[in-house]
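The structure under discussion appears below in the form of structure tokens.
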DNA sequence: CCTCGATGCGAACACTGTACGCATCGAGAA
DNA sequence: TTCTCGATGCGTACAGTGTTCGCATCGAGG
């Protein structure tokens, strides 16, 4: 023990009680999600998060490598809110898939920051909860009896649509929320042809349901009753020169 | 003029030549897009942008209000790369729409930062170029002869899918690019079942085409030859308790 | 009781967006 | 020509960021 120590603070002013109940990764992630939900991703700072947890900012780094990693953890955590997609059969696949899609949309709307974040990190390398969700969905398409190797593409198409529309919905809602008025008030201010009678929330839900049903229609066309795994070509129109990458 | 001025730098050291060819908003936006394409949205800083333009960082604020506004301008600018969707008829709508979708995907892949940014700001309030694109698409659906009031939802469903899948594709590609290896090498390292013969780019294009064709199939189901504007109910499966908002 | 790894955290560093005020410009007025 | 005045460039400064480092303190195991 070096004796040339020169304590500026006396022994008595020095804090003594336990520095802190130990932090947990779970606690941190939970607090992160709260903060993200409340103030958005730009407003998330390690120091703010620290004080919210009654801890020093740099203490968080004992449990989490990065701000980025922290956000990834938060993303995967909210995927845990979705209960694993129900098992389906050839007869019930459509309802099951529609339900999973609706749940996913609701989750993205509950956490408006999730959409953009998914777009920065990709859906695959997100974490166990996200994986559980996507593979559950895949299982539903397999149970539906899609041609071999096509289940992937079907599931991917569906999630792309859901995440895409829900993300833009969430952005729109956050924009309105930040302006402080109700959606209805905002619409009658900004949209010339908006009837006071229509329920904007219902409109959004109908839009979502419309697209969802069209996709399910299109996918159903790849199924014939009793056809389990036959192979037909599916390219009809598309495919052109490849985009610059 | 106060005479208590105390110039530290002598008159001779003071710069004299024209401070700068005047900056333009266009120049700034172009440089912004270059920087965003090259290094991503996190790496965009006003100072870096300034030096790249051989200008002081704070000079930019004479032409642009915000970093955020700057990014919005960049987003709208890249929408200008898309030529306005071609006019379509009842017979040609499918090819026309497919082409617009493919172009949009290519644009998002060229500028990987666009997807997430769209998810933060919403597609509508982005700018004239984006508006031109969406209304061009809408016109194609109108020409196709969709039931009245349904063109909106059709166009929205399609763009949601395209933006959704292209954004996640772009994120995946950026991830690989940052790791420094080719997509093929990355896949054979990270994906257990990956045959060396398959062309990963083709796979992605097929996935995109598959989903696109399914949506177009589903939408086509709402059209009957000669049916221009009749009204049928479209809800089949969906609609449940509304999500928490 | 002592030791030692795990944990908390204050201080510091490099960097960010941006407000402010001054210096300088160039076009039009006198 | 000379003067003026709005537009433009930019140096400085401030509050805030993520993250590293090293020390202080803890609590479990010998």
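Protein chains in written order, with this note's numbering: chain L, 721 to 965; chain E, 721 to 965.
Just so you know, even glycine gets a beta-carbon here, dropped at the ideal spot from N, CA and C.
This one's a predicted model, so the numbers in the text were calculated from it and none came from an experiment.
C-beta neighbour in chain L for residue i, strict 7 Å
i                      : result
residue 937 of chain E : yes
residue 855 of chain E : no
residue 860 of chain E : no
residue 758 of chain E : no
residue 881 of chain E : yes
residue 751 of chain E : no
residue 843 of chain E : yes
residue 864 of chain E : no
residue 900 of chain E : no
Test: residue i CB closer than 7 Å to a CB of chain E
i                      : result
residue 887 of chain L : yes
residue 934 of chain L : yes
residue 927 of chain L : yes
residue 792 of chain L : no
residue 930 of chain L : yes
residue 949 of chain L : Its pLDDT being 41, under 50, residue 949 of chain L is placed unreliably by the model, and the measurement read from it follows with that caveat. Chain E, which has no Cβ nearer than 7 Å to the Cβ of residue 949 of chain L, makes this no.
residue 867 of chain L : no
residue 800 of chain L : no
residue 847 of chain L : no
residue 835 of chain L : yes
residue 747 of chain L : no
residue 877 of chain L : yes
residue 891 of chain L : yes
residue 770 of chain L : no
residue 839 of chain L : yes
residue 776 of chain L : no
Neighbour-count burial assignment, residue i, 16 or more Cβ in a 10 Å radius
i                      : result
residue 892 of chain E : buried
residue 828 of chain L : buried
residue 915 of chain L : exposed
residue 933 of chain L : buried
residue 900 of chain E : exposed
residue 814 of chain E : buried
residue 869 of chain E : exposed
residue 848 of chain E : exposed
residue 924 of chain E : buried
residue 896 of chain E : buried
residue 922 of chain L : exposed
residue 879 of chain E : buried
residue 871 of chain E : buried
residue 905 of chain L : exposed
residue 984 of chain L : Past the boundaries of the shown model lies residue 984 of chain L; chain L is included only from 721 to 965, so the question cannot be answered.
Top-ranked residue by Cα proximity to residue i, from the options
i                      : options                       : result
residue 831 of chain E : E/777, E/786 and E/889        : E/889
residue 931 of chain L : L/822, L/794, L/810 and L/802 : L/822
residue 751 of chain L : L/778, L/785 and L/790        : L/790
residue 780 of chain E : E/743, E/755 and E/837        : E/743
residue 841 of chain L : E/841, E/846 and E/833        : E/833
residue 797 of chain E : E/904, E/897 and E/850        : E/850
residue 806 of chain L : L/756, L/785, L/882 and L/857 : L/857
residue 757 of chain E : E/880, E/898, E/906 and E/918 : E/898
residue 884 of chain L : L/777, L/769, L/917 and L/843 : L/843
residue 920 of chain L : L/799, L/903, L/910 and L/909 : L/903
residue 775 of chain L : L/845, L/747, L/854 and L/879 : L/747
residue 777 of chain L : L/785, L/768 and L/784        : L/768
residue 801 of chain E : E/944, E/820 and E/784        : E/820
residue 846 of chain E : E/808, E/792 and E/855        : E/792
residue 967 of chain L : L/866, L/835 and L/909        : What is shown of chain L runs 721 to 965, which leaves residue 967 of chain L out entirely.
residue 894 of chain L : L/771, L/835, L/773 and L/929 : L/835
For residue j and residue i, believed in contact at Cβ under 8 Å, the rounded distance
i                      : j                      : result
residue 766 of chain E : residue 782 of chain E : With 8 Å as the limit, residue 766 of chain E and residue 782 of chain E do not qualify as a contact, their Cβ atoms being about 12 Å apart.
residue 873 of chain E : residue 927 of chain L : 5 Å
residue 825 of chain L : residue 886 of chain L : 4 Å
residue 852 of chain E : residue 804 of chain E : 6 Å
residue 837 of chain E : residue 795 of chain E : 5 Å
residue 935 of chain E : residue 877 of chain E : 7 Å
residue 808 of chain E : residue 816 of chain E : 4 Å
residue 839 of chain E : residue 760 of chain L : Their Cβ separation, rounded to whole angstroms, is 12 Å, which puts residue 839 of chain E and residue 760 of chain L out of contact at 8 Å.
Heavy atom of the ligand ADP within 6 Å of residue i beta-carbon
i                      : result
residue 893 of chain E : The model depicted lacks the ligand ADP and carries no ligand whatsoever.
With a threshold of 8 Å, are at least 3 pairs of Cβ atoms found where one atom belongs to the region 854-866 of chain E and the other to the region 936-943 of chain E?
yes
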